[in-house]
Structure formats: C-alpha cells, structure tokens
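For reference, the structure is listed below as structure tokens.
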Amino acid sequence: MPMTIRERLMATLRRGAADRIPETIYRYTMELLRTGAPGGRLVIGCTEDYPASEFAKTFNTIGRAMADYEGYAWE
458 MPMTIRERLM
468 ATLRRGAADR
478 IPETIYRYTM
488 ELLRTGAPGG
498 RLVIGCTEDY
508 PASEFAKTFN
518 TIGRAMADYE
528 GYAWE
C-alpha cells in the first residue's frame, strides 16, 4: 500500500530532508483541504513546538497552499 501524504511528511521530517520539507508540507496541506474542507470550512492549527527558525517558512507554506486552494494570490 502506498504511503499517505501524512506518512510521507513525517518520513521527510525524520530524514531531515530540509530542501523537500516545504514541498511536502504544501502537498500535505492541499490534501487536508481537499479531503477535509469540501464545503469550505476547516480549521488548521498547530500543536507542535516549532523552532522559531522554521516557523515563518512552515506557516508561509501552509498559507500559500490555503491561498492556492481558494484561488487567491499569496504574497
């Protein structure tokens, strides 16, 4: 059975493949939106303790995915 998006995200994070993390987070967020927000309502939050150095990169990636999903520009 192929790995789920979440399993791929966690594997990428465990390997520390920093160059692939934004791409993986983007794909994971888009999959969450497609499956969890078909009516346009979904709350996305974070329960992890992100290092300050990664916070902006991670949440900008999530924001970009949300904007793309809704058809808005992300700046």
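Residues are numbered in my numbering as their position in the sequence shown, beginning at 1, plus a constant of 457.
From the three backbone atoms N, C-alpha and C, an ideal C-beta is built for every residue, glycine too.
Annotated three-state conformation of Leu-499 is coil, per DSSP. Between the alpha carbons of Ala-522 and Pro-459 lies a distance of about 23 Å. Annotation: Pro-459 is outside any alpha helix (DSSP H) and is labelled neither H nor E by DSSP.
Here Arg-465 has Thr-481 as same chain residues with Cβ atoms under 7 Å from its own Cβ, once five neighbours each way along the sequence are excluded. Between Thr-492 and Ile-519, the gap from beta carbon to beta carbon reaches 7 Å or more.
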